[in-house]
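Q: Dumping the structure here so I can ask a few things about it.
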Amino acid sequence: MNDHPVLALQQISRRFSGGLLALDDISVEIREGEFVTVVGPSGCGKSTLLNLMAGLALPDGGLVISQARSPGELGMVFQEPTLMPWASVADNVALPLRLLGRPAGEIARCVERALLDVDLAGFAASLPAELSGGMRMRVAIARALVTGPRLLLMDEPFAALDELTREQMNEQLLALWHRLGITCVLVTHSLYEAVFLSTRVLIMSTRPGRIIAETRIDEAYPRGAPWRDSASFAATRAQLARTLRTPDRTATA
Amino acid sequence: MKRPGTAWPAWLRWCAPLLLGVLILLGWQWLVHALELPVYLLPAPSEIWRAGADAWPLLLQSAWHTLRLAMIAFSLAVAGGVLIAVAFSQSRVLEAALYPYAVVLQVTPVVAIAPLILIWVGVDNAATAVVLLAWIVAFFPILSNMTLGLRSVDPGLRSLFRLYGGSRWQELRLLRLPASLPFLLSAMKVSAGLSLVGVVVAEFVAGSGTSPGLAWRIIEAGNRLQTARMFAALLLLASIGIALFAMLAMLERRLLARWHDSAR
Numbered sequence: 000m001n002d003h004p005v006l007a008l009q010q011i012s013r014r015f016s017g018g019l020l021a022l023d024d025i026s027v028e029i030r031e032g033e034f035v036t037v038v039g040p041s042g043c044g045k046s047t048l049l050n051l052m053a054g055l056a057l058p059d060g061g062l063v064i065s066q067a068r069s070p071g072e073l074g075m076v077f078q079e080p081t082l083m084p085w086a087s088v089a090d091n092v093a094l095p096l097r098l099l100g101r102p103a104g105e106i107a108r109c110v111e112r113a114l115l116d117v118d119l120a121g122f123a124a125s126l127p128a129e130l131s132g133g134m135r136m137r138v139a140i141a142r143a144l145v146t147g148p149r150l151l152l153m154d155e156p157f158a159a160l161d162e163l164t165r166e167q168m169n170e171q172l173l174a175l176w177h178r179l180g181i182t183c184v185l186v187t188h189s190l191y192e193a194v195f196l197s198t199r200v201l202i203m204s205t206r207p208g209r210i211i212a213e214t215r216i217d218e219a220y221p222r223g224a225p226w227r228d229s230a231s232f233a234a235t236r237a238q239l240a241r242t243l244r245t246p247d248r249t250a251t252a
Numbered sequence: 000m001k002r003p004g005t006a007w008p009a010w011l012r013w014c015a016p017l018l019l020g021v022l023i024l025l026g027w028q029w030l031v032h033a034l035e036l037p038v039y040l041l042p043a044p045s046e047i048w049r050a051g052a053d054a055w056p057l058l059l060q061s062a063w064h065t066l067r068l069a070m071i072a073f074s075l076a077v078a079g080g081v082l083i084a085v086a087f088s089q090s091r092v093l094e095a096a097l098y099p100y101a102v103v104l105q106v107t108p109v110v111a112i113a114p115l116i117l118i119w120v121g122v123d124n125a126a127t128a129v130v131l132l133a134w135i136v137a138f139f140p141i142l143s144n145m146t147l148g149l150r151s152v153d154p155g156l157r158s159l160f161r162l163y164g165g166s167r168w169q170e171l172r173l174l175r176l177p178a179s180l181p182f183l184l185s186a187m188k189v190s191a192g193l194s195l196v197g198v199v200v201a202e203f204v205a206g207s208g209t210s211p212g213l214a215w216r217i218i219e220a221g222n223r224l225q226t227a228r229m230f231a232a233l234l235l236l237a238s239i240g241i242a243l244f245a246m247l248a249m250l251e252r253r254l255l256a257r258w259h260d261s262a263r
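Top line first, the protein sequences correspond to chains A and B. Counting from 0, one number per residue, gives the positions in the first sequence under numbering that gives the first Met the number 0. Counting from 0, one number per residue, gives the positions in the second sequence under numbering that gives the first Met the number 0.
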């Protein structure tokens, strides 16, 4: 990790089409190699914030400065796997490269590597309907990684999965992040997930969404069951929960 | 007792309607003989069979003519409906401007338009008029469903295309067209039947002694009080409609079976 920001948001505000203020005065820097998690109550604008980071929406005020704006430098995983149901796993993973107009040989190589990364090498010809929920989400992650992005944005990707699959996916994601050296921003409802995965957790207030607290998690990687079961993990999680329950408080831990 | 949610065996799904059909035919045959109904009022199934067998070459020739016109109208309806729906998906202004006129065309009874079409294409070109009228009837379900299908795309996938700078052509080819396939296939099942209905209605209106279609055979038989032959022609028409529907349903299952809930 270094201090070079991949993404910087400066005094961002965003209104919904009805004029309702969704995000207000958000300033945050995401540094290269970080794993930043954004938590907050439902409807606080976490997904809107992620869309602004991805360039899928524009702010009404403030600036988004991104070093990962060229197509392919930024990968995104949505709440649902959002796969093309008629296309095979390989074709789904290949989609970003096809849209970028990459040659067929490169596409085949990159798809094979991405599927290996998420342990789905034997499922290239399968259709999404033939896979489990966890496997479909792994396909979505492979698709986001296939272009070799600098920045990976994830919008509650594991919310619909059962506890056990979710834990496995967390560990797999962490291993990928560590190995590929990418920068990750994850939006989640789960404090458990936030504490397990992140180098830094940003806590948002209720609408209009603002960042009311920021917590650094200094536990070393690789992280696994010992970290999950530790007293320090429970204490950090409890502290985040207390901050979430105390609205409109600005704090930095 | 059959438990709810248990699937019926395949043979029962085929046998039940067949058995019911046989029972109805037997009841019909018995009723006609028991009440001594005149053959011009309600012929017995055996009379219909005999009339059909006697006029078989003529009926088959007429059926082929009607089917050929229906298939031309159906193909044009699919091509036109898909092309116009694609144009609508690329331009909201075009859709806003044209869609109301497509609705007007759909809700105006084809029988009422027929004389106008005949004047325009000329009485000597009855086949062209019939195809045009059948196209008007068959085209709207394709346009309507295809327009809906091209719009019914996962917003997440659309975001993904934007994220990677996908062009409108790529979005159409890789996303919107495949996503609209279930809508198109469903509309094709309706449209095929409607194109047959359209041809028959148009033949009734535009047809004359020179028209060789099944509709004219029905009119001709009616004028001569050959009710059994009328029934035979009607049965042939219904069989063509069922065959078209069955073929398109099979195509739908084949194309969607692996990925779409409707075909699994």
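Every residue, glycine too, gets a C-beta built ideally from N, C-alpha and C. Fair warning: this is a prediction, and the values are worked out from it, not measured in the lab.
Quick one, are the C-beta atoms of B:Gly240 and B:Met229 less than 8 Å apart?
A: Their beta carbons are not under 8 Å apart, which means B:Gly240 does not touch B:Met229 by this criterion.
Q: Who are the near neighbours of A:Arg248 in its chain, counting only those whose CB is closer than 8 Å to its CB and skipping five residues on each side?
A: Note that A:Arg248 has pLDDT 48, beneath the 50 cutoff, so the model's placement of it is unreliable and the number below is only indicative. Answer for A:Arg248: Ile211, Ala212 and Thr242, listed in chain order.
Q: Taking the straight line between their C-alpha atoms, what separation do you get for A:Ala234 and A:His188?
A: A:Ala234 and A:His188: Cα-Cα distance of roughly 18 Å.
Q: Could you check whether B:Ala76 and B:Trp119 sit closer than 8 Å to each other, using their CB atoms as the reference points?
A: no
Q: Can the beta-carbon of B:Gly192 be found closer than 8 Å to that of B:Glu202?
A: Between B:Gly192 and B:Glu202, the C-beta gap is not smaller than 8 Å, which leaves the two residues out of contact.
Q: When you compare the CB of B:Pro177 with every CB in chain A, is at least one pair closer than 8 Å?
A: Output row for B:Pro177: interface = yes.
Q: With 16 as the cutoff for other CB atoms within 10 Å, does B:Met0 come out buried or exposed?
A: With a pLDDT of 47 at B:Met0, under the threshold of 50, the modelled position of that residue is not reliable, and the figure given next carries that caveat. Exposed, since its Cβ has fewer than 16 Cβ neighbours within 10 Å.
Q: Mind listing which residues of the segment 44–57 of chain A have their C-beta closer than 7 Å to chain B's C-betas, in chain order?
A: Ala53 and Leu55
Q: Spell out whether any CB of chain B is found under 8 Å from the CB atom of A:Ala124.
A: no
Q: Listing by chain order, which chain B residues have their CB less than 9 Å from the CB of A:Phe195?
A: Going along chain B, no residue has its Cβ under 9 Å from A:Phe195, so there is no contact; the nearest lies around 25 Å.
Q: Are the CB atoms of A:Ala7 and A:Arg13 within a distance shorter than 8 Å?
A: Taking 8 Å as the Cβ cut-off, A:Arg13 and A:Ala7 do not qualify as a contacting pair.
Q: So, at 6 Å on beta carbons, what are the nonlocal neighbours of A:Val37 in its own chain, with the 5 sequence-adjacent residues on each side left out?
A: Lys45, Val186 and Leu201
Q: For A:Val184 and A:Ile216, which I take to be in contact (beta-carbon distance under 8 Å), what is that distance rounded to the nearest angstrom?
A: Contact doesn't hold; Cβ gap of about 15 Å is too wide.
Q: Leaving aside the five residues before and after A:Thr251 along the sequence, list all residues of the same chain whose C-beta is less than 6 Å from its C-beta, in chain order.
A: Residue confidence is low: A:Thr251 scores 42 on pLDDT, short of 50, so the model does not pin down where it sits. Its coordinate-derived value is still stated next. Answer for A:Thr251: Glu213, listed in chain order.
Q: Report buried or exposed for A:Pro127, applying the criterion of at least 16 other Cβ atoms within 10 angstroms of its Cβ.
A: In this structure A:Pro127 is buried. Its beta-carbon is surrounded by 16 or more other beta-carbon atoms within 10 angstroms.
Q: According to DSSP, A:Thr182 sits in a beta bridge with which residue or residues?
A: A:Leu150
Q: For A:Ser87, count neighbouring Cβ atoms within 10 angstroms of its own Cβ and tell me buried if that reaches 16, exposed if not.
A: buried
Q: Output yes if chain A places a C-beta closer than 8 Å to the C-beta of B:Phe230; else output no.
A: no
Q: What number of angstroms, rounded off, separates the C-alpha of A:Val5 from the C-alpha of A:Leu144?
A: 17 Å
Q: How about B:Leu287 and B:Ala84: are their beta carbons less than 8 Å apart?
A: Because chain B in this structure spans residues 0 to 263, residue 287 of chain B falls outside the shown range and cannot be described.
Q: Give me the chain B residues within the contact set of A:Gly71, using Cβ-Cβ distance strictly less than 8 Å, ordered along the chain.
A: Tyr163
Q: So, under 8 Å CB-CB, A:Asn91 and A:Arg142 are touching, yes? Tell me the CB distance rounded to an integer number of Å.
A: 6 Å
Q: Could you spell out where the beta strand (DSSP E) holding A:Phe34 opens and where it closes?
A: Here the beta strand (DSSP E) through A:Phe34 covers Phe34 to Val38.
Q: Express the C-alpha separation of A:Met203 and B:Phe73 in angstroms, rounding to a whole number.
A: 57 Å
Q: Check whether chain B comes within 8 Å of A:Phe157, counting only Cβ atoms and requiring the distance to be less than that.
A: The beta-carbon of A:Phe157 is placed no less than 8 Å from the nearest beta-carbon of chain B.
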